[in-house]
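In this note's numbering, the protein residues as written are 21 to 76.
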């Protein structure tokens, strides 16, 4: 029982971490007006634009 309770405590911490990351992803998606799965392509586009500005 103690081992199971310890696992549950670890899972709670992991769950909180995952929930915080999801919240941050959703906030970024709202900020840039894209769906969450559109954030990675958007990031790549931004990086490409920055590279063009820096390196011509």
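Even for Gly, the Cβ is constructed at its ideal location relative to N, Cα and C. The model shown is predicted, which means the values in this text are computed figures rather than measured ones.
For residue i, the first and last residue of its enclosing alpha helix (DSSP H)
{"i": "residue 61", "result": "59 to 75"}
Inter-residue CB distance, residue i and residue j (contact presumed, cutoff 8 Å)
{"i": "residue 45", "j": "residue 56", "result": "5 Å"}
{"i": "residue 48", "j": "residue 59", "result": "6 Å"}
{"i": "residue 42", "j": "residue 52", "result": "At roughly 16 Å, the Cβ-Cβ gap does not stay under 8 Å, so residue 42 and residue 52 are not in contact."}
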